[in-house]
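Peer 1:
Protein chains in written order, with my numbering: chain A, 1 to 340; chain B, 341 to 665.
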């Protein structure tokens, strides 16, 4: 890929797709991760279909191609830990434990939606799983994640907060201030840059003087990591290190995971700023397919794999049916001001 | 009752609420070791330690957002802006996050947070440090906007604000910190959204908040010399606005002058005027008057600064217009 960025001696090199250096795992560990990734892929495909049928409105940002990042990272958490995400967050909500039904119903704008049809695709929230939300202002949620971590430190509750954002957020003030304060106050937060290499339609080399976002940690004396996000187990292991650091020492980490979205920025984006060859090359390394191949290599029985995939198919079909049949959203005043 | 300053009243309110609830903490620039840029947090670090009195670096967007995140998971932050002028670099956190999360989350996460600090024109500090921003925040559903004029109101309203489960924009008068008022030593909470009649009168209603209450009280004294009895009504909170108390006064006097130190275009007084004509049309004997600052950024020179802002003589003149005198 063409690049005009500065390389620095401190840049963490990314070793691409070295299948000989697979992270050790077992089918017991991998199967549930594969199931989550597959469910998110199918959920996203179903929502794209519903969108094209006019059943879902507004902006719809799909995570297809990036599933290994949210699934691997959130697999490193305990239920009490918090997740704060962007507007491309259906997968993060699902990985944190939110069922497909209320997610899809929310996209449909139904009363049964996760937030009663008041938030939509970009604003999923779920208190029961400590999913602190999807946010539509790029970078504005990074301080919120630091705030949840501040509360954990204040109370000594041992919870860790994961904050997801794109590399496009690394240029805005919310990220810079959240990063600075998390480092200054040693807040138990892991800041995860899902670098999908395009800030909407702008490639890295036209938006960042230095492409390695993780380097920003250096100026704050913060731990950092950088790796490619194709292997869900690798993501889980590396994020687990950062989570452990946050939980035991209270220290934050800036982690950059390089990934790729197969679809446009949103449904209205045909992605004309990328070549077909480039997209095809990344699709050949599809983390979902890699995960499935690995499961087979690990001796996971084909019959069980088929059963798992049928189960996912049924789950997503059920979520769509549930959403179709749910009553429309019908209230918008009760939640503006909380009455004593 | 003790006579204390507006500054001391705010300090007492925060101390009492922090004693009462361990989830309350204060965060802002210079709130701790420096004892507050305006000394409102005097002595609080010593009393409550660095855990609960948190000195923040210059990063309003960052620490306002940290407050929102902490509020989501159960703390009750008080975020001090050194002045509300600096809240403009944090306005995304206030408008897009604090005000909206309760509704966006379908009622799952409420945001019990107080954003407080000095606001309104100060004295010869130039246009960036001298402006009234309440109309910005009063525009936003999901926020409550509180603007006390006296030490008594400051204490009782700040205590209520800290206990409120909603995001509160608590705008103190930058030039009011040394003003004094009788404040009860026993605990007294003033409900948010209740106006207060600061002076009774029968001839005209003056509606004003924060420092303009004092200007209106002075104007009322001038008018009294001419036999005109002005009623001064202080809404105390702009959102929610106690339109009924305001309207009852206007119905009684038949005349209404709204005095604000902000700019005229889309200023909060325009909303008050709309509400008063809607509710009091049959009682009004004259068009509603507004007195505002001139439609310019604040100049530095003292003579020009005074000229720009509403003065007693401007209020008196507006009252006379409303009385056709």
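Where is the CB? At the ideal position from N, CA and C, for every residue including glycine.
Could you name each continuous beta strand (DSSP E) segment of 3 residues or more that falls completely within the region 195-281 of chain A, going from the start of the chain to the end?
Peer 2: 223-228 and 253-258
Peer 1: Between which two residues does the beta strand (DSSP E) holding residue 113 (chain A) run?
Peer 2: To locate residue 113 (chain A), count along the first chain from 1; it is residue 113. Counting along the chain, residue 113 (chain A) falls outside any beta strand (DSSP E), and DSSP gives it neither H nor E.
Peer 1: Does chain A have any CB closer than 8 angstroms to the CB of residue 348 (chain B)?
Peer 2: The residue given as residue 348 (chain B) occupies position 8 in the second chain. So, not an interface residue.
Peer 1: Determine the DSSP secondary structure at residue 693 (chain B), reduced to helix, strand or coil.
Peer 2: This structure leaves residue 693 (chain B) out entirely; chain B is present only between 341 and 665.
Peer 1: With a threshold of 7 angstroms on Cβ separation, who are the neighbours of residue 426 (chain B) within its own chain once the five nearest residues in sequence on each side are excluded?
Peer 2: Taking the first residue of the second chain as position 1, residue 426 (chain B) is located at position 86. Within the same chain, residue 426 (chain B) has close Cβ partners 400.
Peer 1: Taking residue 82 (chain A) as part of the beta strand (DSSP E), name the residues at either end of that continuous run.
Peer 2: Start at 1 with the first residue of the first chain, and residue 82 (chain A) comes out as number 82. Start and end: 82-85.
Peer 1: Based on the DSSP output, what are the partners of residue 190 (chain A) in its beta bridges?
Peer 2: As a working note, residue 190 (chain A) is residue 190 in the first chain. Looking at the DSSP output, residue 190 (chain A) sits in a beta bridge with A:162 and A:253.
Peer 1: Taking 8 angstroms as the CB-CB cut-off, is residue 123 (chain A) touching chain B?
Peer 2: If you number the first chain from 1, residue 123 (chain A) lands on position 123. Residue 123 (chain A) counts as touching chain B.
Peer 1: Would you report the Cα separation of residue 466 (chain B) and residue 480 (chain B), rounded to the nearest angstrom?
Peer 2: Residue 466 (chain B) sits at position 126 when you count from the first residue of the second chain. Residue 480 (chain B) sits at position 140 when you count from the first residue of the second chain. Their Cα atoms are separated by approximately 27 angstroms.
Peer 1: Determine the DSSP secondary structure at residue 142 (chain A), reduced to helix, strand or coil.
Peer 2: Against the first chain, residue 142 (chain A) aligns to sequence position 142. Of the three classes helix, strand and coil, the one that applies to residue 142 (chain A) here is helix, per DSSP.
Peer 1: Among B:558, B:593 and B:620, which one has its Cα closest to the Cα of residue 583 (chain B)?
Peer 2: For the purposes of this step, residue 583 (chain B) is taken as residue 243 along the second chain, with counting starting at 1. Out of B:558, B:593 and B:620, B:620 has the C-alpha closest to the C-alpha of residue 583 (chain B).
Peer 1: Verify the CB distance criterion: does residue 103 (chain A) have a CB-CB separation below 8 angstroms to chain B?
Peer 2: Working through the first chain from its first residue, we reach residue 103 (chain A) at position 103. Not a single C-beta of chain B is nearer than 8 angstroms to the C-beta of residue 103 (chain A).
Peer 1: Kindly indicate the opening and closing residues of the alpha helix (DSSP H) around residue 565 (chain B).
Peer 2: Your numbering for residue 565 (chain B) matches position 225 in the second chain. Per DSSP, residue 565 (chain B) belongs to the alpha helix (DSSP H) from 551-565.
Peer 1: What residues in the region 564-590 of chain B have a beta carbon less than 9 angstroms from any beta carbon of chain A?
Peer 2: 580
Peer 1: Within 10 angstroms of its Cβ, does residue 80 (chain A) collect 16 or more other Cβ (buried), or is it exposed?
Peer 2: Working through the first chain from its first residue, we reach residue 80 (chain A) at position 80. That one is exposed.
Peer 1: Roughly how many whole angstroms lie between the Cα atoms of residue 542 (chain B) and residue 640 (chain B)?
Peer 2: Residue numbering aside, residue 542 (chain B) sits at position 202 when the second chain is read from its first letter. Residue numbering aside, residue 640 (chain B) sits at position 300 when the second chain is read from its first letter. Each residue's Cα considered, the two are about 38 angstroms apart.
Peer 1: Suppose the cutoff is 8 angstroms on Cβ atoms and the five residues either side in sequence are ignored; what does the same chain contact list for residue 125 (chain A) look like?
Peer 2: In the first chain, the residue the question calls residue 125 (chain A) occupies position 125. These residues qualify, in order along the chain: 114, 115, 119, 131, 132, 133 and 134.
Peer 1: Buried or exposed for residue 6 (chain A), going by 16 or more other Cβ atoms inside 10 Å?
Peer 2: Numbered from its first residue, the first chain carries residue 6 (chain A) at position 6. Note that residue 6 (chain A) has pLDDT 46, beneath the 50 cutoff, so the model's placement of it is unreliable and the number below is only indicative. By the neighbour-count definition (other C-beta atoms within 10 Å, threshold 16), residue 6 (chain A) is an exposed residue.
Peer 1: Contact check, residue 31 (chain A) vs residue 300 (chain A) under 8 angstroms by CB: the rounded distance?
Peer 2: Here residue 31 (chain A) refers to the residue found at position 31 when the first chain is read from its first residue. Here residue 300 (chain A) refers to the residue found at position 300 when the first chain is read from its first residue. The beta-carbon distance between residue 31 (chain A) and residue 300 (chain A), rounded to whole angstroms, is 6 angstroms. This is short enough to meet the 8 angstroms contact definition.
Peer 1: Sorted by chain position, which residues of the same chain lie with C-beta nearer than 8 angstroms to residue 324 (chain A)'s C-beta, five sequence neighbours on each side aside?
Peer 2: Against the first chain, residue 324 (chain A) aligns to sequence position 324. Hits under 8 angstroms: 55 and 108.
Peer 1: Going along the chain, which residues of its own chain have a beta-carbon closer than 7 angstroms to the beta-carbon of residue 4 (chain A), five neighbours each way excluded?
Peer 2: By one-based count along the first chain, residue 4 (chain A) stands at place 4. Annotation note: pLDDT 39 at residue 4 (chain A) (below 50); position unreliable, coordinate value reported separately. So the qualifying residues of the chain are 205.
Peer 1: Measure the Cβ-Cβ separation of residue 478 (chain B) and residue 586 (chain B) and say whether it is below 8 angstroms.
Peer 2: Taking the first residue of the second chain as 1, we reach residue 478 (chain B) at position 138. Taking the first residue of the second chain as 1, we reach residue 586 (chain B) at position 246. No. Outside cutoff.
Peer 1: Just to confirm, is the Cβ distance from residue 458 (chain B) to residue 378 (chain B) under 8 angstroms?
Peer 2: Along the second chain, read from residue 1 onward, the residue named residue 458 (chain B) stands at position 118. Along the second chain, read from residue 1 onward, the residue named residue 378 (chain B) stands at position 38. In this structure, residue 378 (chain B) lies closer than 8 angstroms to residue 458 (chain B) by Cβ.
Peer 1: DSSP puts residue 546 (chain B) in a beta bridge; with which residues?
Peer 2: Position 206 of the second chain holds residue 546 (chain B). Partner residues in the beta bridge of residue 546 (chain B), as assigned by DSSP, are B:572 and B:597.
Peer 1: Find out if the Cβ-Cβ distance for the pair residue 48 (chain A), residue 62 (chain A) is shorter than 8 angstroms.
Peer 2: Translated into positions along the first chain, residue 48 (chain A) becomes position 48. Translated into positions along the first chain, residue 62 (chain A) becomes position 62. In contact: residue 48 (chain A) and residue 62 (chain A) (Cβ atoms closer than 8 angstroms).
Peer 1: So which residues on chain A does residue 481 (chain B) lean against when the C-beta distance must stay under 9 angstroms?
Peer 2: Along the second chain, read from residue 1 onward, the residue named residue 481 (chain B) stands at position 141. Within 9 angstroms Cβ-Cβ: 336 and 337.
Peer 1: Below 8 angstroms between beta carbons: does that hold for residue 557 (chain B) and residue 538 (chain B)?
Peer 2: As a position in the second chain, residue 557 (chain B) is number 217, starting the count at 1. As a position in the second chain, residue 538 (chain B) is number 198, starting the count at 1. The answer is yes: Cβ separation under 8 angstroms.
Peer 1: What residues in the region 590-606 of chain B have a beta carbon less than 8 angstroms from any beta carbon of chain A?
Peer 2: Residues: none.
Peer 1: Who are the neighbours of residue 436 (chain B) on chain A, taking C-beta pairs under 7 angstroms?
Peer 2: Reading the second chain from its first residue, position 96 is the one you call residue 436 (chain B). Within 7 angstroms Cβ-Cβ: 137 and 140.
Peer 1: Work out the CA separation of residue 322 (chain A) and residue 373 (chain A) for me, nearest whole Å.
Peer 2: What the structure shows of chain A is the stretch from 1 to 340, and residue 373 (chain A) is not part of that stretch, so it cannot be assessed.
Peer 1: DSSP has residue 746 (chain B) in a bridge; who is on the other side?
Peer 2: Only positions 341 to 665 of chain B appear in this structure, which leaves residue 746 (chain B) out of reach.
Peer 1: At a cut-off of 7 angstroms, is residue 311 (chain A) close to the ligand FAD when judged by its beta-carbon and the heavy atoms of the ligand?
Peer 2: The ligand FAD is not part of the structure shown, which contains no ligands of any sort.
Peer 1: How long is the line joining the alpha carbons of residue 512 (chain B) and residue 344 (chain B), rounded to whole angstroms?
Peer 2: Position 172 of the second chain, counting from 1, holds the residue named residue 512 (chain B). Position 4 of the second chain, counting from 1, holds the residue named residue 344 (chain B). Spanning the two alpha carbons is a distance of roughly 16 angstroms.
Peer 1: Beta strand (DSSP E) containing residue 459 (chain B): first to last residue?
Peer 2: Taking the second chain and counting its residues from 1, one reaches residue 459 (chain B) at position 119. Looking at the DSSP string, the run of the beta strand (DSSP E) that includes residue 459 (chain B) is 454-459.
Peer 1: Using a Cβ cut-off of 8 angstroms, pull out every chain B residue sitting near residue 127 (chain A), in sequence order please.
Peer 2: Here residue 127 (chain A) is taken as the residue at index 127 of the first chain, counted from 1. Result: 445, 448 and 449.
Peer 1: Measuring alpha carbon to alpha carbon, tell me which of A:264, A:241, A:291 and A:273 ends up nearest residue 232 (chain A).
Peer 2: The residue given as residue 232 (chain A) occupies position 232 in the first chain. That would be A:291, whose Cα lies nearest to the Cα of residue 232 (chain A).
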